[in-house]
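Below: one structure, written as structure tokens.
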Amino acid sequence: MESIGVLMTYPMNTNLEEQLSNRLNLFKLWNYPSFQSFSETHANSIRALVCNTKIGADANTIDSLPNLEIVSTYSVGFDKIDLKKCREKGICVTNTPDVLTDDVADLAIALALAVFRKIPMSDGYVKSELWKCSDYPLTSKFSGKAVGIVGLGRIGSAIAKRAAAFGCPVSYPSRSEKPEAGSYKYYPNIPDLAANSQILVVACALTDETRHIVNREVIDALGPKGVIINIGRGPIIDQPELVAALVERRLGGAGLDVLENEPDVSEELIGLENVVLTPHIGSDTVETCNDMSDLLIANLEAHFNGKPLLAPVL
Ligand SMILES: O=CC(=O)O
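Residue numbers for the sequence shown follow my numbering, beginning at 1240 and rising by one.
Structure representation (structure tokens):
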């Protein structure tokens, strides 16, 4: 396999880089001034593309690599890959599901706790020695709050399990009741779900159908005491509407691991004390990143050895 050219689009994990360069002929896109200058000299050598949530595989990239056979994303989400183009050209696509589910679900609960119990603000309170002047104001209880989950897939279900352990009744939106959802309650649409939830967790994939599904109607249905948690993708929420609702106190708070146009953050979000932000770190633990690297490598090895893919998207 040493002669097979693989292009990595972004410096996502040094362990993965090492594993790739031990097995394949690794090219790192960030060592070239532009994709165009890379492809002018090396396009024909590339048979595999390793990408992530920051730099994926758009139609131009795919078209510029005439011998491309497989695109492997170091993520569960594949919204940065032009699947239609891959399908047209018979290019395989793999992702890294399951191994990251626990971490992302943990972070969703951590964000909810951080917002309700004001953990980042109270940390700042102690560290800036304000505790000596007065006690910290009361916060809000998380246990027992009604949690609505948009996207009851692998990650959504892991969040539901954790929320249930905190005594939170769990609901989800769906056209019909899902037998596998057990005691969780279903609502026929997201505004109804939001109207009956105190916390709305966004855990679905970003697609043309889910872009901006959390809109003003949904935010207003959740209301001034409601909190939105987003560990899915930024553009699932209409961010200007979210920011306006938070500023005008039509929404109680938000815990956001992902943003529309990340890593840009609007000044207004930064200034809000009822908002907790993390930099898209849902799966970023050493343990999980090693597992994601191993799964990605196993997918490439399977492909180049003519075996079935472990995590096929296409
Ligand atoms: O956002 C992270 C992922 O899709 O794995």
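All residues carry an ideal CB built from backbone N, CA and C; glycine is no exception.
Checking the 8 angstroms criterion, the Cβ of L1339 is within range of a heavy atom belonging to ligand 1.
With 16 or more other CB atoms across the displayed protein chains lying within 10 angstroms of its CB, P1412 is buried. Exclusion of T1517 from the 8 angstroms shell around ligand 1 follows from its C-beta lying no nearer than that to any non-hydrogen atom of the ligand. Within 10 angstroms of the beta-carbon of E1487 lie fewer than 16 other beta-carbons, which makes it exposed. Assigned with DSSP and collapsed to three states, G1387 falls in strand. Per the C-alpha coordinates, the member of R1472, F1381, K1417 and F1543 positioned closest to F1405 is F1381. When DSSP states are grouped into helix, strand and coil, C1407 belongs to the coil group. Separation of E1257 and G1387 (C-alpha to C-alpha, rounded to the nearest whole angstrom) is 41 angstroms. C1407 is a Cβ neighbour of K1384, given a cutoff of 9 angstroms. Bounds of the beta strand (DSSP E) holding G1492 are G1492 to L1495. Ranked by Cα distance from I1320, the first of L1339, L1259 and K1293 is K1293. Apart from sequence neighbours up to five positions away, the residues of its chain that approach T1517 with a beta-carbon distance below 6 angstroms are D1496, ordered along the chain.
Contact between the segment 1441-1458 and the segment 1474-1489 is present, with at least three C-beta pairs closer than 8 angstroms.
I1358 sits away from V1504, with the two beta carbons spaced by 9 angstroms or more.
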